[in-house]
Structure formats: structure tokens, C-alpha cells
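Taken in order, the sequence shown gives residues 766 to 975; the numbers are from my numbering.
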Amino acid sequence: AVKQSQLQRKGARSRRISSSGRTIAEFLKYSQQITLDPNSAHRRLLLSKENRKVAIKRQDDAFVPHPDRFTYWYQVLGRQSLTGRSYWEVERRGGGVFIAVTYKNISRAGSENECILGFNDKSWALKCDNNSYMFWYNKQCRPVSGPQSSRVGVYLDHKAGILSFYSVSETMTLLHRVQTTFTQPLHAGLWLLGSSGVSAEFNEPSSENF
Numbered sequence: 766a767v768k769q770s771q772l773q774r775k776g777a778r779s780r781r782i783s784s785s786g787r788t789i790a791e792f793l794k795y796s797q798q799i800t801l802d803p804n805s806a807h808r809r810l811l812l813s814k815e816n817r818k819v820a821i822k823r824q825d826d827a828f829v830p831h832p833d834r835f836t837y838w839y840q841v842l843g844r845q846s847l848t849g850r851s852y853w854e855v856e857r858r859g860g861g862v863f864i865a866v867t868y869k870n871i872s873r874a875g876s877e878n879e880c881i882l883g884f885n886d887k888s889w890a891l892k893c894d895n896n897s898y899m900f901w902y903n904k905q906c907r908p909v910s911g912p913q914s915s916r917v918g919v920y921l922d923h924k925a926g927i928l929s930f931y932s933v934s935e936t937m938t939l940l941h942r943v944q945t946t947f948t949q950p951l952h953a954g955l956w957l958l959g960s961s962g963v964s965a966e967f968n969e970p971s972s973e974n975f
């Protein structure tokens, strides 16, 4: 009887409808585990948990120069090349984080807009902090309203040109949706704001979260 009730609760969670009209189970079909590329990570960023978590370090350590490494902003990209339908979640702690997707050929060296997630025509980003959301594309920002949560879900349908950001807690609430044409494969990206103590982690989506 206990097992039956557990299954019933799990089934109810999987059928729960997000604010976009999709069930949670639909998103989980496209669940994508993102791992971060150490060669792209700024030297003040520390990767852990099998390269699924990133945090700002207190001080510089020895690092290996690499042409893929961001040299000015605290940014890092995912390894996976995303071309189909994908869904992933990011857990943010300690401060502001830009949660982004970008073409791999975004510039890495320097502080110019061409290197910043959300500040050029190669990347799309949702800025998340403790009080607000802002969507950034090509140096243009748009305030986004929605329930505050430390976890954000990202749904990508590359072929259809759809990118959606969700606030994830006991339910899913659509924060912002982009309809465009993607001309190259995309990579997940993160930009950590502030100083030590800020972190972000790619968590495997699960119906147990709802």
C-alpha cells in the first residue's frame, strides 16, 4: 500500500502542468546532463562535482593558458553541442548568475561585448539574482517577471528556434521565451557575478523535484 501511494504521488508530479501548458514529463524526455569545459573556464573559477558545478575562487591559482579560456569575465561553457531538443536545470547560490546559451565561436579574450554572454548576437542569457530576472541579447535587456527561485530550467528546441527559461520550485513557471533562428549548434554557458561564494550547478532534472 505504501508503494502504491508513492507511485500515485510520483505520477501526479509527472502529470503536473507547467505555465506553458506542458507536463513535467514532457520536459524530462529531453533531459540533458551538462558538464562544463575546464578549458573555457576563467582562471578564478573552480569546477567540481565532475565538472557540473562552478564557483568563484578567493584567489588566483596556477592555470594553463588555452585559446578557449575566457580571460576577463567569470564565464564558462558546457562541453555538449546542442542541436536538438534539450532540457536542463541550474541551481544558483550566493549571488547573481547569467544562465545562457551561446554559439561556440563567441570571443574569449578581452572585456569587449563580443566576449560577454548576452551582450552580442551569438548568445542569449537570463540574469538571475536574489531579487529579479533580466533577459539579455545583443546588449539589450528586458525585465522579466516571475516567482523567485534558486533553480532555473532551460528548454531548447534548436530546430524550431525556441529557447525558454523557467522558474523551478514545486511547479514550473515560464519566465521568458525566445523565438528565433539558430544558425549553429549551441552550448550552455554561465557567467558568475560578484566575488567568492557565488556558485552554480547543473542538476539532473527529475520529477522528484515537483
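By construction, the Cβ of each residue, glycine as well, lies at the ideal position given by its N, Cα and C atoms.
Next on the checklist: Give the list of continuous beta strand (DSSP E) stretches no shorter than 3 residues that lie fully inside the region 790-820.
Outcome noted: 810-813
Next on the checklist: Buried or exposed for residue 774, going by 16 or more other Cβ atoms inside 10 Å?
Outcome noted: For residue 774, the pLDDT reaches just 40, beneath the cut-off of 50, and the residue's location in the model is therefore unreliable, although a value from the coordinates is still provided. Result: exposed.
Checklist entry - Out of 838, 823, 950, 931, which has the shortest C-alpha to C-alpha gap to residue 856? => result Looking at the Cα atoms, 931 is the closest of the given residues.
Next on the checklist: Any contact between the region 809-825 and the region 872-889? By contact I mean 3 or more CB pairs, one from each, below 8 Å.
Outcome noted: no
Item to check | Buried or exposed (CB count within 10 angstroms, at least 16 for buried), residue 970 | outcome: With 16 or more other Cβ atoms within 10 Å, it is buried.
Checklist entry - Between which two residues does the beta strand (DSSP E) containing residue 869 stretch? => result Where residue 869 is concerned, there is no enclosing beta strand (DSSP E), given that its DSSP letter is neither H nor E.
Checklist entry - If you draw a straight line from the alpha carbon of residue 796 to that of residue 838, how long is it in whole angstroms? => result 28 Å
Next on the checklist: With three or more C-beta pairs closer than 8 Å as the rule, is the region 951-962 touching the region 858-870?
Outcome noted: yes
Item to check | Coarse secondary structure for residue 895, derived from DSSP in three states | outcome: coil
Item to check | DSSP-derived helix/strand/coil call for residue 885 | outcome: coil
Checklist entry - Leaving out five residues before and five after residue 780 in sequence, what residues of the same chain have Cβ atoms less than 8 Å from its Cβ? => result With a pLDDT of 41 at residue 780, under the threshold of 50, the predicted position of this residue should be treated as unreliable, though the coordinate-derived value follows. These residues qualify, in order along the chain: 788, 789, 790.
Next on the checklist: For residue 928 and residue 943, I'd like the C-alpha separation in whole angstroms.
Outcome noted: 5 Å
Item to check | Start and end residues, beta strand (DSSP E) containing residue 944 | outcome: Counting along the chain, the beta strand (DSSP E) containing residue 944 begins and ends at 937-944.
Item to check | Residue environment, residue 906, which counts as buried when at least 16 other CB atoms sit within 10 Å | outcome: With fewer than 16 other CB atoms across the displayed protein chains lying within 10 angstroms of its CB, residue 906 is exposed.
Checklist entry - What is the rounded straight-line gap between the Cα of residue 881 and the Cα of residue 938? => result 27 Å
Item to check | Segment limits, beta strand (DSSP E) that includes residue 920 | outcome: Its beta strand (DSSP E) spans residues 916-922.
Item to check | Among 895, 877, 847, the one whose alpha carbon lies nearest that of residue 904 | outcome: 877
Next on the checklist: So, for residue 947: in the same chain, excluding its five sequence neighbours on each side, which residues have a beta-carbon less than 7 Å away from its beta-carbon?
Outcome noted: 923, 926
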